[in-house]
Amino acid sequence: MRFDIQTPLGLGSLCASVLSFFCGEEGQQQGRISHYPVLPPSYPLAVRNPYLSTWMPSDRVQQLPYAESQFWAGQELGWSVMVRVDGQAYSLMGVPDLEGSGALPATVRHAEFTATHSVFDLTAGSVKLTLDFFSPVSPSNYLRQSLPFSYLTVRVSGSNGRDIQVYSDIDGRWTGREDRSVLDYEEHDDGLVIHSLSVEDSAKYAEASDMALWGKAILASRPSESSTLSASAGDPKTVREQFAKKGDLSGQEFTWSYGSIAALSHDLGIVHGEASINFVVGYEREAAINYLGEEYTGYYRAEYPTTHKALAHFLDDYNNAVLESWQLDQELKTFSTAAAGSKYADIIALSTRQAYGGIDLTIPNHSLDTEDVLAFIKELSSDGNINTIDVIMPAFPIYWVLDPEWIRLMLEPVMRYLDAGRWHLPYTIHDLGSHYPHAIGHDDQKAEPMPIEESGNLLVLALAYARATGDIDWTGRYMDIFQKYADYLVDNSIDIANQLSSNDAAGPLPNETNLAIKAAVGIKAFGVLSGKENYSRIGEEHATLFYEDGLGIDEEKTHFVLQYPGYPDSWKTPYNLFPDVLLGLETFSKDAHRMNSEFYSTVRGEYGVPLDNRQDWAKSDWNMWLAATFEKNTRDEFVDDLWAFMTNGKHNWPFSDRYVSTSAHGNAPGTPILCRARPTVGGHFALLAMKGPGSIQTLSVNKPVGMRGRNGGKPPLKSHGLEL
Ligand SMILES: *[C@@H]1O[C@H](CO)[C@@H](O)[C@H](O)[C@H]1NC(C)=O
Ligand SMILES: *[C@@H]1O[C@H](CO)[C@@H](O)[C@H](O)[C@H]1NC(C)=O
Ligand SMILES: *[C@@H]1O[C@H](CO)[C@@H](O)[C@H](O)[C@H]1NC(C)=O
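Here it is in structure tokens:
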């Protein structure tokens, strides 16, 4: 992964000044809002794939009725929600200018997030309103997981005979090129109403500042049993004013130009007690991914090939999806609390949607063959590479926990490319393409070079997959390729040439100890995977050389050094030991882990331990990896420190996996650096992963028949007489 390219936008532009300007105006008193379980930096609203990733910075929640949402990279997106109670309109979210609209701001009471929901409670007059933003995480249900949509449920309660209308709109900024956006509107016989916004004449696969310019942004809904639905589009003031006055959008001519909004309104009539309605927002791309020149499309299109059918199914699926999500939320909370306490459970809850929100799950567009499923992951906010091995690697604990098939789904596109002989270098390729969604390889052989990093990663991931699923057919098919990289590590991982590791912002080094550790563990992983004991032995010999014989540690045996030989005071978090512990490989001895447990309490900054002795920044994913190898006290310190960063209220990006952890270099500790919304937060699951693969029951219980993975969920197999 790379961190050296700045994203083009002013990161984290706080609109506080804009907000306070409008906020003073209506003179409303927003009381204190309670945040449960804690205040996150930003709330995921609709976070399902790299192009449907909409967030609400938490410093805007206090003024939610005025607050705009953001794309993960920081672009503002117009998304408003209003309600009308006995003829009085209220803004619940996203109306920056209420003046003259006839609407009042509702009062925000409570904000909450779980692994799959972000929920805001407000009051409007005597009525209670809940905005429930729900992005399903259902990796074992490929259909549900692949749908590029998210639910917004607006729930009304405490309405004793009030006359209620509920409204939502989105604007042209969702297309990434508002100035060239066009609106398409459909009404179907089943009542489904769809606004689609797209960019006129845009090129397939084109991006602007990470937003997709091809495909379409969607706002859709369907009348409930007790509501009638109307739609409009045009100037925001006009459309919202009509809602405020009439509670009904019909009878207005649709217009579309720069600054327009596309709106839907439900008239619920007189409500006694409770009522709720669902809106859907989405971003659909028929050609989702360019895989080696072939279009791959969302998995769901095999069953629901049109936008209308897919949306109708998504709405039909709501009850099942929401039931599963509540179970998943609860189970994740219970398990992660048991694994490492309630702070850890908070970290897991905020990481889950983000981890899957970097991925598309696809099949070939021409055949719609559901046997040919491939997953693609975007290296968000560093360089946009596709299927980067050292992004899949840090994230893999979440796949291990929730559905280990995803390790194969993400590696398979890369393995096919390597198997085709198009990559000629003796070590593993860094990624499958320089920029998402082009998974076109590097026939010019110019992928970012990380020889030991990626070779070690691939071998560990292959073993983790085989171990978790029992599928040794898949690993067997590519065994020759794996052996080639194991041989590379055997030959090149003691006297290590100057090279980058995953943390390329730290620059290259020769003889980096953590890479030597990765290589030793990778060689042993290959030995176990292949049953070739000579590799297992070599991996162990490397470990002996670096630990017992002291090449990779200081003389007093207090810590692994950053670099060898001759840098006794240097250190770097040896997180590559995590898979050794997770997979029970025992390449390194327990003494090595005990040493680390003691040492890493002694180099702790205000917000935890930085990556190495040269940096003032930490990587949250790697720190959770390392924490999983520690004894309880040091582990808890690492969890406390990451939680303190996540909840300190000093930043408002989607969960950043890179942040200043110590003031030692004069920077403000507890502030993020560059990395936003990266799927690498899947690495936060490392502590949970220690409970075993596929340990979350909700997902396997709810797995549709025929989607139980290649091995039918059989227990892990023995390979060549060795326990895999
Ligand atoms: C996807 O495949 C269908 C059926 O072959 C074809 O009509 C359509 O044009 C394809 N879409 C894209 C974006 O290539
Ligand atoms: C790297 O380590 C090896 C083994 O100790 C040593 O022979 C070599 O000189 C070192 N390289 C550098 C650049 O220090
Ligand atoms: C390990 O042994 C196998 C034969 O079982 C051989 O093909 C391979 O080259 C050996 N590798 C190393 C690194 O010794």
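If you're matching positions, the sequence shown starts at 1 in the UniProt record's numbering and goes up one per residue.
A virtual CB, placed ideally from N, CA and C, is assigned to each residue, including glycine.
Note that the structure is predicted; figures quoted are calculated from it, not measured.
Within 8 angstroms of the C-beta of D480 there is not a single heavy atom belonging to ligand 3. Bridge partners of K619 according to DSSP: R658. The nearest non-hydrogen atom of ligand 1 is 8 angstroms or more from the C-beta of E303. Between the C-alpha atoms of S53 and S336 there is a straight-line separation of about 25 angstroms.
In the three-state DSSP reduction, K246 falls in the helix class (H, G or I). Separation of D443 and D59 (C-alpha to C-alpha, rounded to the nearest whole angstrom) is 45 angstroms.
Rounded to the nearest angstrom, the gap between the Cα atoms of A506 and L577 is 20 angstroms. For N648, the secondary structure class from DSSP, reduced to helix, strand or coil, is coil. A contact between stretches requires three or more CB pairs, one per stretch, nearer than 8 angstroms, and the segment 31 to 50 fails this requirement with the segment 171 to 180. For L500, the secondary structure class from DSSP, reduced to helix, strand or coil, is coil.
About 17 angstroms separates the beta carbons of I386 and Y399, which is beyond the 8 angstroms limit, so they are not a contact pair.
The beta carbon of D121 is closer than 6 angstroms to those of R109, H110, T130 in its chain, skipping five residues each way along the sequence. The beta carbons of L219 and H195 sit closer together than 9 angstroms.
For the beta strand (DSSP E) assignment, the uninterrupted runs of no fewer than 3 residues enclosed by the segment 234 to 301 are, from N- to C-terminal side, 261 to 284, 289 to 291, 294 to 298. Residue side-chain check: D554 keeps its Cβ at 8 angstroms or more from all non-hydrogen atoms of ligand 2. From the listed residues W72, N652, Y478, the smallest Cα separation to G357 is found for W72.
When secondary structure is reduced to three states using DSSP, R84 falls in the strand class.
For Y488, the distance from the CB to the nearest heavy atom of ligand 3 is not below 8 angstroms. Cβ-Cβ separation between G247 and S265: approximately 7 angstroms, consistent with a contact (criterion under 8 angstroms).
The way I'd put it, the segment 411 to 429 does touch the segment 480 to 498; three or more beta-carbon pairs between them come closer than 8 angstroms. Ligand 2 approaches G566 closely enough that one of its heavy atoms is under 8 angstroms from the residue's Cβ.
In the structure shown, F133 adopts extended strand secondary structure according to DSSP, grouped into three states. Classified as buried, A321 has 16 or more neighbouring CB atoms from the shown chains inside 10 Å of its CB. Non-local beta-carbon contacts of R180 in its own chain, meaning distances under 7 angstroms to residues more than five positions away in sequence, involve V199, E200 in chain order. Ranking I392, S589, F599 by CA distance to the CA of R678 puts I392 first.
Between the beta-carbon of L292 and that of G441 there is about 7 angstroms, and that keeps the pair under the 8 angstroms contact cut.
At the C-beta level, I164 and A275 come within 9 angstroms of one another. Exclusion of D201 from the 8 angstroms shell around ligand 2 follows from its C-beta lying no nearer than that to any non-hydrogen atom of the ligand.
A contact between stretches requires three or more CB pairs, one per stretch, nearer than 8 angstroms, and the segment 222 to 234 fails this requirement with the segment 74 to 83. If the five residues before and after H593 are omitted, its C-beta is found closer than 6 angstroms to the C-beta atoms of T629, all from its own chain and listed in chain order. The beta carbons of L699 and N141 sit closer together than 9 angstroms.
Of the candidates L249, V603, G539, G566, G539 places its Cα closest to the Cα of E586. Short note on D549: C-beta not closer than 8 angstroms to any heavy atom of ligand 2. Around the beta carbon of L77, a 10 Å sphere encloses 16 or more other beta carbons of the protein chains shown; the residue is thus reported as buried. Apart from the 5 residues on each side of it in sequence, V373 sits with its Cβ closer than 8 angstroms to the Cβ of Y142, Y299, L361, T362, I363, L409 in its chain, given in chain order.
Under the three-state reduction of DSSP, E207 is assigned to strand.
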